[in-house]
Amino acid sequence: MTVPKFATPPVIDGKLDEAVWHNAAVLKDFYQIDPGDNIAPSKPTEVLIGYDPKFLYVAFRAFDEPDKVRSTVAKRDSIFQDDYVGFYLDTFNDKRKAFEMFFNPLGIQGDGVLTEGSGEDFSVDVLMESKGVVNDAGYVVEIAIPFKSIRYEAGKGKLWGAHFFRRIQRFNRELSSWMPFSRSIDSNLSQAGHLGGLKGISLERTIELIPSLTLSESGKFVRSFGPVPLGAVDPGRIVNEPIKFEPGLTAKFTPSSALTLDLAINPDFAQVEADQLVVTANQRFPIFFAEKRPFFLEGIDIFRTPITAVHTRAIVDPD
Numbered sequence: 392m393t394v395p396k397f398a399t400p401p402v403i404d405g406k407l408d409e410a411v412w413h414n415a416a417v418l419k420d421f422y423q424i425d426p427g428d429n430i431a432p433s434k435p436t437e438v439l440i441g442y443d444p445k446f447l448y449v450a451f452r453a454f455d456e457p458d459k460v461r462s463t464v465a466k467r468d469s470i471f472q473d474d475y476v477g478f479y480l481d482t483f484n485d486k487r488k489a490f491e492m493f494f495n496p497l498g499i500q501g502d503g504v505l506t507e508g509s510g511e512d513f514s515v516d517v518l519m520e521s522k523g524v525v526n527d528a529g530y531v532v533e534i535a536i537p538f539k540s541i542r543y544e545a546g547k548g549k550l551w552g553a554h555f556f557r558r559i560q561r562f563n564r565e566l567s568s569w570m571p572f573s574r575s576i577d578s579n580l581s582q583a584g585h586l587g588g589l590k591g592i593s594l595e596r597t598i599e600l601i602p603s604l605t606l607s608e609s610g611k612f613v614r615s616f617g618p619v620p621l622g623a624v625d626p627g628r629i630v631n632e633p634i635k636f637e638p639g640l641t642a643k644f645t646p647s648s649a650l651t652l653d654l655a656i657n658p659d660f661a662q663v664e665a666d667q668l669v670v671t672a673n674q675r676f677p678i679f680f681a682e683k684r685p686f687f688l689e690g691i692d693i694f695r696t697p698i699t700a701v702h703t704r705a706i707v708d709p710d
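Here this note's numbering = 1-based position in the sequence shown + 391.
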């Protein structure tokens, strides 16, 4: 399918009331692939696609009875008990790895990377904008994905693999797809459709710098010089140590689509999501915590094996 180029960018508000959407490519006539086997879906779905030099625009019209749409205000990557729509983007068309992006009816995101043979990794967060609105016809989700947020192969004649999906929970978790699925083929990406016509976009060399500065102060209790009456409490005093400064820097440089350089100097991971509290009493072995620090997430799929050979959470304070 050829993706048309938009003359003006749409406003991401979940309304699709701009004239530019009339020029979008439209995908419809989905197949129900679960629990049915490539049969007609219970509810129709439309996908609208366009782009400009900086963004890929995708919109879903999910037709349904609005009072039966399941949606909640959830955390990112916690939307999969709701109804949702989404897609895979195999931006190198190698049928091995794809970005996956899903959205509930309110536009809340669940995103990650799918690697054939290894499964899904939802620790990846793609910078994008989305908005969902439940209306009289069902719901609409509108999305803008900056090209600089993903890695891709640019150039004339290049194709991207693509799948588009919709999940309806109340119909036995019905899943419908733009492309039919053969259950005899144990692969998602080899059965993808293709997006073409993405002209005038080029690879951007991006630099991301995240400086940090941590200040800390400690003190100690100093006893009084004179004698303390019997039964009295020594008032003493607190003597503060000098304030300590801990500067740090995390940097990411992307010179090409196939190469990323990460640098961390005394990094501060205080902004990273905290681990869920786990009771560790009477535990024979250490509790496994998933890696959430951005520096260690880059390229982590290279080290992902059936048996965890590299556990980066063990790297706490390297010298």
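Every residue gets a Cβ at the ideal spot worked out from N, C-alpha and C, and that includes glycine.
Bear in mind the structure is a predicted one, so any value in this text is a computation, not a measurement.
Contact set for residue i: own chain, Cβ-Cβ below 6 Å, skip 5 residues either direction
i: residue 597; result: 539 and 645
i: residue 517; result: 502 and 540
i: residue 655; result: 641 and 686
i: residue 528; result: 454
i: residue 652; result: 644
Simplified DSSP state of residue i, which is helix, strand or coil
i: residue 500; result: strand
i: residue 414; result: helix
i: residue 691; result: helix
i: residue 463; result: coil
i: residue 574; result: coil
i: residue 514; result: coil
i: residue 581; result: helix
i: residue 644; result: strand
i: residue 653; result: strand
i: residue 675; result: coil
i: residue 703; result: helix
Residue i classed as buried or exposed, judged by whether at least 16 other C-beta atoms fall within 10 angstroms
i: residue 533; result: buried
i: residue 553; result: buried
i: residue 453; result: buried
i: residue 428; result: exposed
i: residue 613; result: exposed
i: residue 565; result: buried
i: residue 414; result: exposed
i: residue 494; result: buried
i: residue 398; result: exposed
i: residue 697; result: exposed
Residues near residue i in its chain [Cβ-Cβ closer than 7 Å; skip 5 each side]
i: residue 673; result: none
i: residue 405; result: 498, 522, 523, 524, 531, 532 and 533
i: residue 461; result: 473, 474, 560 and 561
i: residue 630; result: 610, 611 and 613
Cut-off 8 Å between Cβ atoms - residues of its own chain near residue i, not counting five sequence neighbours on either side
i: residue 550; result: 484, 585, 586 and 587
i: residue 430; result: 422 and 423
Cβ pair count under 8 Å reaching 3, the stretch 628 to 643 against the stretch 604 to 612
yes
For the stretch 503 to 510 against the stretch 540 to 553, do three or more pairs of beta-carbon atoms, one drawn from each stretch, fall closer than 8 Å, so that the two count as touching?
no
Contact between the stretch 415 to 432 and the stretch 575 to 582 (3+ Cβ pairs under 8 Å)
no
Runs of 4 residues minimum, wholly inside the stretch 468 to 498: which ones carry the alpha helix (DSSP H) assignment?
none
Specify whether the stretch 480 to 487 and the stretch 576 to 590 touch according to this definition: at least 3 beta carbon pairs, one from each stretch, less than 8 Å apart.
yes
Segments of 3+ residues assigned as beta strand (DSSP E) that fall wholly inside the stretch 508 to 565
510 to 512, 520 to 526, 529 to 537 and 551 to 559
On the three-pair Cβ rule with 8 Å, is the stretch 438 to 445 touching the stretch 455 to 471?
no
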